[in-house]
Every structure is written in structure tokens, then in C-alpha cells.
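Residue numbers (the UniProt record's numbering): 1 to 39. C-beta atoms are modelled at their ideal positions from N, C-alpha and C, and glycine is treated no differently.
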Amino acid sequence: MNLTYLLCLTCARIRELVVPKEIRLTKLTRLIIRYRIDK
């Protein structure tokens, strides 16, 4: 029980750390694509 709980906590923390970076990357790529289309 304790092991699975720890695993869930670590997975949640990793997701919290990883997801914002992915969102930032997608936003950056969208901005770059718009910039290229405008040019």
C-alpha cells in the first residue's frame, strides 16, 4: 500500500513538472509558426 501510494505521488509530481514544459513548447512552436507565416 505504501509503495503504490509513493509511486502515485512521484508520478503526479513528475506530471506536474513535465506538463507545463510541454505546454510552453507547444505555445512556442505556435508562435514560431505564426511568425513564419506572417513573414
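Any chain D beta carbon closer than 8 Å to residue i
i: L31; result: Among the chains of the structure shown, chain D does not appear; only one protein chain is present.
Inter-residue Cα distance where the pair is residue i and residue j
i: L17; j: L9; result: 12 Å
i: L25; j: I33; result: 12 Å
i: R30; j: I14; result: 25 Å
i: Y35; j: L7; result: 42 Å
i: D38; j: C11; result: 40 Å
i: K21; j: L3; result: 28 Å
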